[in-house]
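Structure, as structure tokens:
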Amino acid sequence: MNDSQAPAYSFEQLSPPSFPLAKKFYKRTKYHSHIGREDEVYVVREHSAEDQTSDKEIVAAVRLVRLDRFLILRSMVVSPNRQRKGIGRFLLEHLAHAIGERDCWCFPFEWLEEFYTLIQFKKLAPDFSPPAISHKYQQYTSQGRKLLIMSRLSS
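Numbering that gives the first Met the number 0 applies: residue 0 is where the sequence shown begins, and numbers increase by one.
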């Protein structure tokens, strides 16, 4: 494949009427995700190098959701057949701009710690996290998940 045939990617925020597109993507990747009306939903679409204008397939998605007064990064998924091609990094780097100066939290798997540090997330112990964050973490880890608490704080 030469450079003119290499895929190009675009990052976009979906509006609520387009949320079913993300739901369809999550279902196709066998990832259960409930998208709320107040969520911010971002996707990466793949385009051919020749045609970057028409709607193309969603190959990655992520949500920013509210938990009490906290912004949580959730449901970051890249299509299994597109993993290890830099799409996750592309999504995360563009998402950093969407997050901007807002404080944001996430609960990644332990093996993803270095990945999330790419956009300045830092690991925190549950004891040093706000109660709502610590409680959600306890819920997840009680299900046997090997997760971290990470934050990206503006101050």
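Ideal Cβ placement from N, Cα and C applies to all residues, glycine included.
What whole-angstrom Cβ distance do residue i and residue j have, given they're in contact under 8 Å?
{"i": "E109", "j": "L70", "result": "No, E109 and L70 are not in contact; Cβ-Cβ is about 22 Å, not under 8 Å."}
{"i": "L152", "j": "I118", "result": "Going by Cβ atoms, the distance from L152 to I118 rounds to 12 Å, so no, they are not a contact pair."}
{"i": "S78", "j": "V58", "result": "5 Å"}
{"i": "R102", "j": "V64", "result": "Strictly speaking, residue 102 in this sequence is Asp, with Arg absent from that position. In fact, because the Cβ distance is near 14 Å, the residues do not count as touching under 8 Å."}
{"i": "A131", "j": "Q12", "result": "No, A131 and Q12 are not in contact; Cβ-Cβ is about 25 Å, not under 8 Å."}
Give me the residue from the options with the minimum Cα distance to residue i.
{"i": "A95", "options": "Q82, R62 and F127", "result": "R62"}
{"i": "L28", "options": "R151, N80 and E92", "result": "According to the sequence provided, residue 28 is Thr. The question's Leu does not apply to it. Closest by alpha carbon: N80."}
{"i": "S150", "options": "K55, E11, R73 and P19", "result": "R73"}
Using a 10 Å radius around the Cβ and a threshold of 16 neighbouring Cβ atoms, would you call residue i buried or exposed?
{"i": "R44", "result": "buried"}
{"i": "K135", "result": "buried"}
{"i": "A87", "result": "Position check: residue 87 holds Gly in this sequence, whereas Ala was assumed. By the 10 Å Cβ count, G87 comes out buried."}
{"i": "D67", "result": "exposed"}
{"i": "Y8", "result": "buried"}
{"i": "F24", "result": "buried"}
{"i": "Y115", "result": "buried"}
{"i": "F127", "result": "exposed"}
{"i": "Y41", "result": "buried"}
{"i": "A124", "result": "exposed"}
For residue i, name the three-state secondary structure that DSSP assigns.
{"i": "I98", "result": "helix"}
{"i": "F69", "result": "strand"}
{"i": "K121", "result": "strand"}
{"i": "F224", "result": "No information on residue 224 is available, as it lies outside the stretch 0 to 154 that the chain covers here."}
{"i": "R155", "result": "The requested residue 155 does not occur in the structure, where the chain is confined to residues 0 to 154."}
Any C-beta of chain B sitting closer than 8 Å to the C-beta of residue i?
{"i": "Q12", "result": "This model lacks chain B altogether, as it is built from one protein chain only."}
- Jot down the residue ranges of each uninterrupted alpha helix (DSSP H) in the stretch 15 to 67, minimum 4 residues, whole runs only, in chain order. 18 to 27
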